[in-house]
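A.B. asks:
Residue numbers (full-length UniProt numbering): 1 to 467.
Take a look at the structure:
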């Protein structure tokens with residue numbers, strides 16, 4: 001009886017072992033096997049499909065490298081039955097490589113530009129596919145310093161690829177101030193050069209300018225007018241409290257010597273025919289004018305000296321430079337005569353120490369509102385690199401630069417630029433100089449790709465300083 005039980009027990013053990021071996025054989029046979037690879041390219045996306053027949057889908061891992069330009073898809077415990085892999089090429093995918101590893105199969109997908117992707121697995125039939133979207137929006141945020149938030153924005157749609165950089169500035173921790181190239185109107189410098197020279201936390205290009213460096217538009221620094229506009233243009237104003245706003249600004253200056261009053265033609269600008277120009281300490285050490293005018297050096301409200309041309313500009317005064325009819329009007333002026341110089345920019349600008357005039361207005365009351373201010377077509381028409389500044393609802397400032405005229409970014413029309421600023425919370429916004437001038441520097445690093453291929457020397461920048 002015991003022998004029978006012992007034989008039955010051994011039989012039971014052998015049966016269990018046999019079942020185990022059979023199950024292991026079945027599991028081994030059912031190991032996922034790659035049987036086919038398919039590729040499809042459409043308007044909105046590219047798709048690579050990995051077929052596994054009826055062997056089941058393997059586990060997988062996906063990761064990005066090279067800033068999103070490389071995507072690696074790893075299939076674990078996968079049998080590879082394909083001796084030759086089909087080529088995969090498209091306007092988005094540059095190449096696909098396959099590498100066998102101890103873990104399974106590694107698929108390396110190199111892209112021509114970063115794109116959103118998703119991976120999905122299906123059980124019936126057994127397949128895994130990866131989609132690369134040709135239309136997407138991507139925002140990458142980082143904090144260069146406390147109180148500064150930088151967003152790199154990329155959008156791909158039917159219009160093309162757009163790349164923009166947006167810097168959110170907490171005005172409780174920072175202040176904004178215009179900076180002149182080399183500290184004066186005459187001459188130009190790069191945005192990075194100006195930023196470095198004043199040790200700014202960040203900077204963007206600002207006003208329009210001439211080749212000489214002359215500011216073309218309203219610019220006021222520390223309460224002193226540095227450049228003037230000949231038209232009513234939009235400007236960004238920053239109050240002593242740091243509160244900012246966007247509004248139209250004009251310039252109306254008058255000089256009275258004795259009983260004669262003349263209109264000011266400009267400040268720190270080239271003196272034209274019959275003109276009257278004011279030169280102050282922000283311009284240069286001398287006026288640089290020709291011999292066909294007359295100049296009155298003013299200190300303490302009186303004519304301190306009279307010269308014909310290229311007069312020294314006093315730090316504690318200014319120079320009145322006249323030509324033609326303006327010179328004739330002041331023909332009887334003598335040293336010691338009292339001088340009255342008045343400037344009117346509009347009621348709301350009287351006590352605003354910082355004004356950066358450019359234009360046009362882009363956003364008003366949180367909505368796109370591109371104003372018509374009689375700008376030339378190279379500013380108003382077509383897509384181009386853009387620079388602008390916006391006031392956010394929380395009182396922060398938003399400085400924005402959009403790349404353009406290159407493969408990595410198509411640029412924006414003024415309306416598209418305004419739409420982008422509204423997307424990021426702009427309540428008010430104004431356009432600055434753009435094109436090859438558009439540039440953003442943060443922490444001494446040039447973030448964008450200037451369309452000239454290198455930094456353009458400009459007349460001024462708007463710099464961010466830690467309080």
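Just so you know, even glycine gets a beta-carbon here, dropped at the ideal spot from N, CA and C.
Quick caveat: nothing in here was measured; it's all calculated off a predicted structure.
If I follow the unbroken beta strand (DSSP E) through residue 463, where does it start and stop?
C.D. replies: Taking the first residue of the chain shown as position 1, residue 463 is located at position 463. From DSSP, the beta strand (DSSP E) with residue 463 extends over 460 to 466.
A.B. asks: Which residues bound the alpha helix (DSSP H) around residue 325?
C.D. replies: If you number the chain shown from 1, residue 325 lands on position 325. Run containing residue 325: 325 to 329, per the alpha helix (DSSP H) assignment.
A.B. asks: If we count the other Cβ atoms within 10 Å of its Cβ and call it buried at 16 or more, is residue 335 buried or exposed?
C.D. replies: Walking along the chain shown from the start, residue 335 turns up at place 335. Classification for residue 335: exposed.
A.B. asks: Go to residue 305, then tell me how far its beta strand (DSSP E) extends in each direction, as first and last residue.
C.D. replies: The count along the chain shown starts at 1 and reaches residue 305 at position 305. 302 to 307 is the extent of the beta strand (DSSP E) around residue 305.
A.B. asks: Buried or exposed: which applies to residue 120, given that a residue is buried once 16 or more other Cβ atoms fall within 10 Å of its Cβ?
C.D. replies: Translated into positions along the chain shown, residue 120 becomes position 120. Answer is exposed; the Cβ neighbour count stays below 16.
A.B. asks: Compare the beta carbon distance of residue 129 and residue 49 with 8 Å and say whether it is the shorter of the two.
C.D. replies: Reading the chain shown from its first residue, position 129 is the one you call residue 129. Reading the chain shown from its first residue, position 49 is the one you call residue 49. Against a cut-off of 8 Å, the Cβ pair of residue 49 and residue 129 comes out as a contact.
A.B. asks: Apply the 10 Å Cβ neighbour rule to residue 301 and answer buried if 16 or more other Cβ atoms are within range, or exposed otherwise.
C.D. replies: Taking the first residue of the chain shown as 1, we reach residue 301 at position 301. Classification for residue 301: exposed.
A.B. asks: Residue 156: buried (16+ other C-beta within 10 angstroms of its C-beta) or exposed?
C.D. replies: Indexing the chain shown from 1 puts residue 156 at position 156. When all chains shown are included, residue 156 counts as buried.
A.B. asks: In chain order, what residues of the same chain lie with their CB nearer than 7 Å to the CB of residue 28, ignoring the 5 residues before and after it?
C.D. replies: In the chain shown, residue 28 corresponds to position 28, counting from 1. In this predicted model, residue 28 has a pLDDT of only 44, less than 50, meaning its place in the structure is not dependable; the value taken from the coordinates is given anyway. None.
A.B. asks: If contact is defined by three or more beta carbon pairs under 8 Å, each pair taking one atom from either stretch, is the region 256 to 263 in contact with the region 202 to 218?
C.D. replies: Taking 8 Å as the limit for Cβ pairs, the verdict is that the region 256 to 263 does not touch the region 202 to 218.
A.B. asks: Report yes if the CB atom of residue 58 is closer than 8 Å to the CB atom of residue 76, and no otherwise.
C.D. replies: Counted from its first residue, the chain shown places residue 58 at position 58. Counted from its first residue, the chain shown places residue 76 at position 76. Taking 8 Å as the Cβ cut-off, residue 58 and residue 76 qualify as a contacting pair.
A.B. asks: Using beta-carbon positions only, say whether residue 67 and residue 115 come within less than 8 Å of one another.
C.D. replies: In the chain shown, counting from the first residue as 1, residue 67 sits at position 67. In the chain shown, counting from the first residue as 1, residue 115 sits at position 115. Cβ distance not < 8 Å, so residue 67 and residue 115 don't count as in contact.
A.B. asks: In terms of alpha-carbon separation, which member of 194, 382, 212 lies closest to residue 204?
C.D. replies: Within the chain shown, numbered from 1, the residue matching residue 204 stands at position 204. Checking every option, the nearest Cα to that of residue 204 belongs to 194.
A.B. asks: Would a C-beta distance cut-off of 8 Å place residue 32 and residue 69 closer than the cut-off?
C.D. replies: Walking along the chain shown from the start, residue 32 turns up at place 32. Walking along the chain shown from the start, residue 69 turns up at place 69. No, the Cβ-Cβ distance between residue 32 and residue 69 is not below 8 Å.
A.B. asks: Cutting at 7 Å between CB atoms, please list the residues of its own chain near residue 196, excluding the five before and the five after it.
C.D. replies: Indexing the chain shown from 1 puts residue 196 at position 196. Contacts found: 444.
A.B. asks: Please list, in chain order, all residues of the same chain as residue 242 whose beta carbon is under 7 Å from its beta carbon, the five residues on each side excluded.
C.D. replies: For this step, residue 242 is matched to residue 242 along the chain shown. Cβ within range, chain order: 171, 175.
A.B. asks: On the CB-based measure, 16 or more other CB atoms within 10 Å of its CB, does residue 462 come out buried or exposed?
C.D. replies: Counting from 1 along the chain shown, the entry for residue 462 is found at position 462. The residue in question, residue 462, is buried, as its Cβ has 16 or more Cβ neighbours within 10 Å.
A.B. asks: If you drop the 5 nearest sequence neighbours on each side, which residues of the same chain put their C-beta closer than 6 Å to that of residue 298?
C.D. replies: Locating residue 298 in the chain shown gives position 298, where the first residue counts as 1. So the list reads 317, 318, 339, once near-sequence residues are dropped.
A.B. asks: Is it the case that the Cβ atoms of residue 387 and residue 414 are separated by a distance below 8 Å?
C.D. replies: The residue labelled residue 387 in the question sits at position 387 within the chain shown. The residue labelled residue 414 in the question sits at position 414 within the chain shown. It is not a contact, given that the beta carbons lie outside the stated cut-off.
A.B. asks: With DSSP as the reference, please indicate the residues paired to residue 401 in a beta bridge.
C.D. replies: To locate residue 401, count along the chain shown from 1; it is residue 401. Note: residue 401 sits in a beta bridge opposite 165, 387.
A.B. asks: Could I get the ranges of all uninterrupted alpha helix (DSSP H) runs contained in the region 276 to 301, with 4 residues as the minimum, in chain order?
C.D. replies: Here no run is fully enclosed.
A.B. asks: Which first and last residues belong to the alpha helix (DSSP H) in which residue 379 is found?
C.D. replies: Your numbering for residue 379 matches position 379 in the chain shown. Residue 379 -> alpha helix (DSSP H) spans 377 to 380.
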